[in-house]
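A short worksheet on the structure shown next.
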Amino acid sequence: MSDAEMDPPAGGAGTAPTGGSEAADEDGQLLAILAFMGAGPVPLWLFAEGHDLLPPPLESVAAAGAGALDAPARRLARRHLVHVEAAEVRVPPEVGSAVRESMTGVERSRFAGLALSLLDRGFPERIGQPEDTGRSEALAAAIEAVAGHVTGGGSSTARAAHLLGRVGSFHGLSGDPEQARRALARAIALAEGEAGGGGLDGPIRAVLADEHAAILVELDRLEDARQEARRALRLAEQALPEDAPQLPVFLLNVGRTLRQAGDVDGSREALVRALELAGAADSAAARPLVVEARLALAELALGEGEADEAVSRAGAALEEIYERDEPELVGRAAWILADALREAGSTEEATELYRHSLEADVRRYGAGHPGVGQKLLGLGLHFEDLGRIPEAIEAYGRAVVIFEEALGPESEPARSARACLERVSGRS
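Each residue of the sequence shown is one higher than the one before, counting from 1 in the numbering used here.
Dropping the structure here:
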């Protein structure tokens, strides 16, 4: 086939896939997917990671990268009216609009679903990883653009709701709770069937409602958060049988959300039920849930000034950890138990456990990990409160070194640790 034959026909949008044609299943698929990505450029790395979704002739476009595209691949790109430059592919807005308008509603939803399948390859694994913030932002914007074209329920709706939920979590982690709330509200509307279609299964709706509640907590809309978390709880209990392995996990998450929202009774009820169900399951998968539920109940008791209850819950969790040989949980459980013992007046036992928790984290993460620095900061505060200033200075000094090396001298943790060190140094 000559180059001329590979060039796009006059009229531009003539290559748009339509009504179940062969082009829609083969040559037109890349254009159809890109038509839902919005007017902005789409980076080629996305296609390199998900190009098995594309028909074989298009894999060379996806896998080669813009700088290495051979002549046939460039001709193929031209045929699809896609610009390939500087590691980006771009569909002109007017072409994308023409392609979408040429489709029936069912086709639009189908190809939007294909676009979401591709986006799903890159987004969830990167969420919350600072080194990939730029990529995550681009993917989040594309997901939000594509999701608006999904209608009619089914797998595309489920994927759109799921990914919008992940976008909401990403915005929350990125410090933009209002944008997170909007994304989650859209996800819930899809899941509930408010955006067309019959809605999604209860478990999916329950997870989205719980994520929405957590974002509402960040926005300090505590009453709304309490109502949404309780709605999530009702949805999960209606949709899942008591022996469903997902139920204790969900109860644990909702219990934590309710605690953050200030609903102590609701939180306790959910956490106790999670503990009961996980304990009754008596499986390898449920054992960590038993520990997590006990620790969550210990933290709840601490927040309510119930030191003895906190000691009992955290002590049982730590004992379970040792029995099950789960060293990854030792540091956290020992620290919570130390907090509880300190509140109960057992300061020497608390000091031993704080040190034990710190040593466990050093073994697990390494001496220079920021989490170790955070533990040292807490240990310094403990010593400072006890009037043991030389030990406080040592702990704060080690924290300063860790934060400056790991996060930079001007990072917030480094500045906070230096302020603590300066405060106690004048008292030595």
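We put the CB at the ideal spot given by N, CA and C, even for glycine.
Name the two residues that bound the continuous alpha helix (DSSP H) containing Arg-427. Boundaries cannot be given for Arg-427, as no alpha helix (DSSP H) includes it and DSSP labels it neither H nor E.
Who are the near neighbours of Glu-292 in its chain, counting only those whose CB is closer than 7 Å to its CB and skipping five residues on each side? Leu-252
Could you tell me if Arg-108 is buried or exposed, where buried requires 16 or more neighbouring beta carbons within 10 angstroms of its beta carbon? buried
Neighbourhood of Gly-165 by C-beta distance below 8 Å, restricted to the same chain and skipping five residues each side: Cβ neighbours of Gly-165 beyond the five flanking positions: Ala-183, Leu-184, Ala-187, Val-207, Leu-208 and Glu-211.
Can you tell me whether Pro-248 is buried or exposed, with buried defined as 16 or more other CB within 10 angstroms of its CB? buried
Simplified DSSP state of Gly-175, which is helix, strand or coil: In the structure shown, the three-state DSSP call for Gly-175 is coil.
When Ala-340, Glu-178, Ala-213 and Glu-306 are compared against Gly-315, the one with the closest alpha-carbon: Taking each of Ala-340, Glu-178, Ala-213 and Glu-306 in turn and checking the Cα distance to Gly-315, the smallest one comes out for Ala-340.
For Gly-155, the nearest candidate out of His-171, Phe-111 and Phe-170 (CA to CA): Correcting the residue type first, residue 155 is Ser in the shown sequence and not Gly. Cα-wise, what sits closest to Ser-155 is Phe-111.
Establish whether the CB of Arg-159 and some CB of chain C are separated by less than 7 Å. Going by chain labels, chain C is absent from the structure shown, which holds only one protein chain.
Could you please give the first and the last residue of the uninterrupted alpha helix (DSSP H) stretch that includes His-212? 202–218
Look at the alpha carbon of Leu-190 and the alpha carbon of Ala-285, and state the distance between them as a whole number of angstroms. 31 Å
Would a C-beta distance cut-off of 7 Å place Leu-114 and Ile-143 closer than the cut-off? no
CB-CB under 7 Å to Asp-308, same chain, minus the five flanking residues each way: which ones, in chain order? Ala-344
Using a Cβ distance threshold of 8 Å, determine whether the stretch 377–394 contacts the stretch 359–367, with at least three qualifying pairs required. no
As assigned by DSSP and simplified to three states, the class of Gly-266: helix
Go to Arg-234, then tell me how far its alpha helix (DSSP H) extends in each direction, as first and last residue. 222–239
Which one of Thr-347, Arg-342, Leu-337 and Glu-348 has the shortest CA to CA distance from Ser-357? Leu-337
Can you tell me whether His-149 is helix, strand or coil according to DSSP? coil
Quick test of the definition: if touching needs 3 or more C-beta pairs under 8 Å, does the stretch 263–274 touch the stretch 292–302? Three or more pairs of CB atoms, one per stretch, sit closer than 8 Å, so the stretch 263–274 contacts the stretch 292–302.
For Leu-277 and Ala-158, what's the separation of their Cα atoms in angstroms? Roughly 28 Å separates the two Cα atoms.
Which value, in whole angstroms, describes the spacing of the CA atoms of Ser-117 and Leu-379? Distance between the alpha carbons of Ser-117 and Leu-379 is about 47 Å.
Should Ser-425 go down as buried or exposed, given a rule of 16 or more other Cβ atoms within 10 Å for buried? The C-beta of Ser-425 has fewer than 16 other C-beta atoms within 10 Å across all chains shown, which makes the residue exposed.
Please tell me whether Gly-168 and Ala-180 are closer than 7 Å, where the distance is taken between their beta carbons. yes
Determine the burial state of Glu-228: buried for a count of at least 16 other Cβ atoms within 10 Å of its Cβ, exposed for fewer. With 16 or more other Cβ atoms within 10 Å, it is buried.
Kindly indicate which three-state DSSP category Pro-409 falls into: helix, strand or coil? coil
Give the range of the alpha helix (DSSP H) segment to which Asp-339 is assigned. First-last of the alpha helix (DSSP H) with Asp-339: 330–343.
Contacts around Glu-131, its chain only, beta-carbon distance under 8 Å, and the 5 residues preceding and following it disregarded: Unreliable placement is indicated for Glu-131, whose pLDDT of 49 sits below 50; the coordinate value is still reported in the next sentence. Beyond the five residues adjoining it in sequence on each side, Glu-131 comes within less than 8 Å, by CB distance, of no other residue in the same chain.
Measure the C-alpha to C-alpha separation of Leu-235 and Gly-202 and round it to an integer number of angstroms. Straight-line Cα distance between these residues: approximately 6 Å.
Where the alpha helix (DSSP H) through Asp-385 begins and ends: 370–386
Is DSSP giving Gly-366 helix, strand or coil here? coil
Over the uninterrupted alpha helix (DSSP H) stretch that includes Ala-316, give me the two end residues. 307–324
Find the nearest neighbour of Ala-232 within the set Glu-242, Leu-216 and Arg-205, judged by alpha-carbon distance. Arg-205
Please state if the CB of Ala-333 and the CB of Leu-318 are separated by a distance shorter than 7 Å. yes
Using the C-alpha atoms, what's the distance from Asp-176 back to Ala-214? Distance from the CA of Ala-214 to the CA of Asp-176, rounded to the nearest whole angstrom, comes to 13 Å.
Would you call the CB atoms of Val-400 and Arg-415 closer than 7 Å? no
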